[in-house]
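Asker: Dropping a structure here in structure tokens format, bear with me for questions.
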Amino acid sequence: MNLTFPQVKAYISYSNSSSIIKANENGTSAGIFASSANYYGIAIDAAGGKIYSSTNNLGVYKANLDGSASQFFTGSGYGYGIALDVANNYMYVCGANFCIRSHLDGTSPSGLGALGLQLNIPDAIALDLTNGNMYFANSGNSTIVRSDLNGNNIVSYNMSAHVTAPEGLALDVANNKMYITGVSTHNIIITDLAGNFISDLGNLGGL
Numbered sequence: 001m002n003l004t005f006p007q008v009k010a011y012i013s014y015s016n017s018s019s020i021i022k023a024n025e026n027g028t029s030a031g032i033f034a035s036s037a038n039y040y041g042i043a044i045d046a047a048g049g050k051i052y053s054s055t056n057n058l059g060v061y062k063a064n065l066d067g068s069a070s071q072f073f074t075g076s077g078y079g080y081g082i083a084l085d086v087a088n089n090y091m092y093v094c095g096a097n098f099c100i101r102s103h104l105d106g107t108s109p110s111g112l113g114a115l116g117l118q119l120n121i122p123d124a125i126a127l128d129l130t131n132g133n134m135y136f137a138n139s140g141n142s143t144i145v146r147s148d149l150n151g152n153n154i155v156s157y158n159m160s161a162h163v164t165a166p167e168g169l170a171l172d173v174a175n176n177k178m179y180i181t182g183v184s185t186h187n188i189i190i191t192d193l194a195g196n197f198i199s200d201l202g203n204l205g206g207l
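Numbering (our numbering), first residue to last: 1 to 207.
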């Protein structure tokens, strides 16, 4: 899921129904925005007016925020986390055990060091552009992996004591916090950016 401002819209990728849903922030006026692919990760370039989504069957989806001018590019077999570094014209997108970086138009894709050896179904990516790092939520082995933006200086944090199969990840860099969702434990935990546990926000039902 991702939000855009000042439009205050929510975009939700829904792999089970092969669609992207667009709604107001409060959930009203929800409607299918795109179809025909198994959409997984989702990222928004609000300033540029673009939406990106990783798919496991048609490559990376890109369109205007109203769904027009849609296209698929950069190959296939991704279907996991995606993140944007718009200022530097980069997109990061993952498959089951790899991550590539390309330009936002899909050109010049390249692998990232030995990072793939540490990735196990990386369902989410979050970028810390302040410190030059990126974080991956490995749902396959309940770890968070951190590397620099070139896929080097890799460290892994075992989260299994607090979450199982983490699928969501968000950073609050200014306050040195990381928020992680556990799909099997239905909870959200908070750690610092070095993976040290701070608190558990509790079981949130069917999260």
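Ideal Cβ placement from N, Cα and C applies to all residues, glycine included. This one's a predicted model, so the numbers in the text were calculated from it and none came from an experiment.
Identify whether L84 lies in helix, strand or coil by the three-state DSSP scheme.
Answerer: L84 falls in the strand class under three-state DSSP.
Asker: Taking all protein chains shown into account, decide if T107 is buried (16 or more other Cβ within 10 angstroms of its Cβ) or exposed.
Answerer: Result: exposed.
Asker: Starting from the C-beta of Q71, find all residues in its chain whose C-beta is less than 7 Å away, skip the five residues before and the five after it, and write them out in chain order.
Answerer: Within the same chain, Q71 has close Cβ partners K62.
Asker: In the segment 107 to 157, which residue ranges form an unbroken alpha helix (DSSP H) of at least 4 residues, counting only runs that do not cross its ends?
Answerer: The segment 107 to 157 contains no whole alpha helix (DSSP H) run of 4 or more residues.
Asker: Which class does S184 belong to by DSSP, given the choice of helix, strand or coil?
Answerer: S184 falls in the coil class under three-state DSSP.
Asker: Should the segment 128 to 136 be called in touch with the segment 37 to 54, which here means at least 3 C-beta pairs below 8 Å?
Answerer: These segments do not touch.
Asker: Could you tell me the alpha carbon to alpha carbon distance between F5 and T143, rounded to whole angstroms?
Answerer: Because the pLDDT at F5 is just 49, under 50, the model does not fix this residue reliably, and the point stays unresolved.
Asker: Got a sec, what are the start and stop residues for the beta strand (DSSP E) M91 sits in?
Answerer: Start and end: 90 to 95.
Asker: For P166 and G151, which I take to be in contact (beta-carbon distance under 8 Å), what is that distance rounded to the nearest angstrom?
Answerer: Contact doesn't hold; Cβ gap of about 20 Å is too wide.
Asker: Where F98 and L117 are concerned, what is the direct C-alpha to C-alpha distance, given to the nearest angstrom?
Answerer: Taking the straight line joining both Cα atoms gives about 8 Å.
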